[in-house]
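Numbering (the working numbering), first residue to last: 53 to 201. Heads up, the beta-carbon is just placed ideally off N, CA and C, and yes, glycines get one too.
What follows is the structure in structure tokens.
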């Protein structure tokens with residue numbers, strides 16, 4: 053009889069343990085979600101989990117200015133090396149005063165060089181400015197020093 057009680061007690065312990073394990077497993081499976089899934093929706097789109105949200109810091113004015121200066125220096129270098137796109141971009145910058153002092157003479161210089169390289173946007177810009185007739189002949193003499201920019 054003792055053996056039967058002991059066996060029955062052991063059996064009940066196993067059942068109880070199995071029930072506890074089963075309830076833990078059931079809860080885990082029911083609450084587990086695929087990675088990247090969140091039930092909060094914004095305009096019909098799932099929100100990424102916190103680990104995937106990237107904070108983007110806006111650059112300061114000093115950083116913007118430094119970036120603009122580096123960009124203009126790079127454009128000037130490429131324009132002087134013969135890049136018609138950089139010549140055009142630099143011409144437009146001087147024409148509009150974007151990051152540089154507005155200077156129509158320098159703008160026309162770079163736009164003419166770009167148009168001489170057969171760059172269509174430069175030709176179109178010169179045509180809008182009324183400068184489209186033979187842009188190469190309108191180029192001022194190279195004897196003038198370019199240090200006075």
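Tell me the rounded alpha-carbon separation between residue i and residue j.
i, j, result
"residue 224", "residue 117", "Look at the range of the chain in this structure, 53 to 201, and you will see that residue 224 is not part of it."
"residue 135", "residue 160", "16 Å"
Is residue i helix, strand or coil by DSSP?
i, result
"residue 143", "helix"
"residue 164", "helix"
"residue 107", "coil"
"residue 138", "helix"
"residue 126", "helix"
"residue 132", "helix"
Apart from the five residues just before and just after residue i, which ones in its own chain have a Cβ nearer than 8 Å to its Cβ?
i, result
"residue 139", "131, 162, 163, 165, 166, 169, 171 and 174"
For residue i, I'd like the list of residues in its chain whose CB is within less than 7 Å of its CB, leaving aside the five on either flank, ordered along the chain.
i, result
"residue 181", "none"
Comparing alpha-carbon positions, which option in the options lies nearest residue i?
i, options, result
"residue 142", "134, 114 and 128", "128"
"residue 124", "106, 113, 107 and 144", "144"
Excluding sequence positions up to five away, which residues of its chain have a Cβ less than 6 Å from the Cβ of residue i?
i, result
"residue 158", "146"
"residue 119", "none"
"residue 23", "Because residue 23 is not part of the residues shown, which for the chain are 53 to 201, the question remains open."
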